[in-house]
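Below is one structure, written out as structure tokens, with a few remarks after it.
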Amino acid sequence: MQLDPGPLVVLLVLAAAVLHAGWNAIAHAAEDRLVGFALISTSTLVLGAVLVVVGEPVGRHYFWLAALSAVLHVAYLLLLMASYQVADLSRAYPLSRGTGVALVAVASVALPRSPLGIDVVVGTGLVVAGLLGITFVGPALTRTDRRGIATALGTGVAIAGYTVVDGLAVSGGAPLLGYAGWLMLLQSWVVPAYAVAKRRRALLTLGRRQVLTGLGGGAVSLVAYGLVLLAQTSGALAAVAALRELSIAIGVLLGAYVLHEGLARRRVVPALVLTAGAVVLALGIA
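Mapped onto our numbering, the consecutive letters of the sequence shown carry residue numbers 1284 to 1569.
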């Protein structure tokens, strides 16, 4: 199944953006972030196994692409978790997403079926400018801030890597459900295994609410990325990657009004620049 660039792609990516910001807020708000990420990964592990069973066989070529993407996803999760340990959601999330979309836009020049017209260039530029503004607003950076920014930048590199790999796979004809299933199955066991090694008996005392919230976050993350994979079958990788960054505006609002982060409200204006870029991109692929 392959979509053509158009309004349906826009709607799919917008829905994914809302869901993506939601599960990141859940992960950032967890009392123990390692446990929170482990629960999210446990949920995607189970759902991935189901998709492998019900989906079409992917074949050797697409299996190895899923394996490569899984390695990049593991790096992404570990770096994201590290950045959330020392940085606000409204700073770490924008920087990681912005780095990812900028690198994908550059990579898309060499990718097939990936239109990179003036609207995509302008839209991507506005998105990146907005994300940088969101990230660097506030007082001078401390050593802790710089550590959070460094891990967020690394997260963005991983995002760009798996975005390109997954885009090539699904736009090249990989069975969507089977590919998504193998991707989740191959990458989702690492963080739970790490959590078991680090927390051990503490995992047996988790409260019901914490468990349900974490597992629910995993289900939301799987649906969000499934929508992105479907949108990527259109081949418009730069546009999809940048348009989904509307999640940043949502993340800033969640940081300000749900997590009550002190500087989040000052990042709303740069978020509007991001939104303008996303609108340009939406018009460009509509």
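Don't be surprised by glycine CBs; every beta carbon is placed ideally from N, CA and C.
With distances taken from CA atoms, which of the options is nearest residue i?
i            : options                : result
residue 1505 : 1495, 1526, 1316, 1464 : 1464
residue 1491 : 1286, 1300, 1319, 1295 : 1319
residue 1438 : 1516, 1306, 1308, 1361 : 1361
residue 1602 : 1515, 1409, 1526, 1499 : Any question about residue 1602 goes unanswered here, given that the chain covers just 1284 to 1569.
residue 1518 : 1373, 1433, 1451, 1442 : 1451
residue 1507 : 1430, 1528, 1488, 1494 : 1528
residue 1291 : 1540, 1309, 1515, 1315 : 1515
residue 1385 : 1467, 1371, 1441       : 1441
residue 1304 : 1489, 1541, 1493, 1556 : 1541
residue 1495 : 1306, 1289, 1286, 1299 : 1306
residue 1549 : 1422, 1513, 1481, 1342 : 1422
Please list the terminal residues of the continuous alpha helix (DSSP H) segment that includes residue i.
i            : result
residue 1517 : Here residue 1517 belongs to no alpha helix (DSSP H), and DSSP marks it neither H nor E.
residue 1325 : 1316-1337
residue 1427 : 1426-1454
residue 1463 : 1459-1470
residue 1310 : 1290-1312
residue 1407 : 1401-1419
residue 1478 : 1473-1482
residue 1348 : 1342-1369
residue 1537 : 1529-1540
Less than 8 Å between the CB atoms is what I'm expecting for residue i and residue j, so what's the real figure, rounded?
i            : j            : result
residue 1302 : residue 1453 : Not really, about 18 Å apart at Cβ, beyond 8 Å.
residue 1317 : residue 1478 : 5 Å
residue 1526 : residue 1413 : With a Cβ gap of about 13 Å, residue 1526 and residue 1413 do not count as contacting.
Using the Cα positions of residue i and residue j, report the straight-line distance between them to the nearest angstrom.
i            : j            : result
residue 1322 : residue 1401 : 42 Å
residue 1366 : residue 1460 : 31 Å
residue 1330 : residue 1363 : 22 Å
residue 1484 : residue 1355 : 29 Å
residue 1348 : residue 1448 : 7 Å
residue 1311 : residue 1373 : 10 Å
residue 1560 : residue 1408 : 7 Å
residue 1353 : residue 1334 : 15 Å
residue 1326 : residue 1501 : 5 Å
residue 1382 : residue 1547 : 19 Å
residue 1530 : residue 1544 : 17 Å
residue 1475 : residue 1357 : 11 Å
residue 1431 : residue 1371 : 9 Å
residue 1493 : residue 1337 : 29 Å
residue 1339 : residue 1419 : 45 Å
residue 1315 : residue 1389 : 36 Å
residue 1435 : residue 1415 : 12 Å
residue 1523 : residue 1466 : 19 Å
Mind the definition here: the region 1530-1545 touches the region 1369-1384 only if three or more C-beta pairs lie below 8 Å; say whether that holds. yes
Between the region 1293-1300 and the region 1418-1435, can you find at least three pairs of beta-carbon atoms closer than 8 Å? Taking a contact to require three or more Cβ pairs closer than 8 Å, the region 1418-1435 and the region 1293-1300 do not qualify as touching.
Take every Cβ of the region 1465-1476, pair it with every Cβ of the region 1402-1411, and state whether three or more of those distances are shorter than 8 Å. No, because fewer than three Cβ pairs between the region 1465-1476 and the region 1402-1411 fall closer than 8 Å, the two stretches do not touch.
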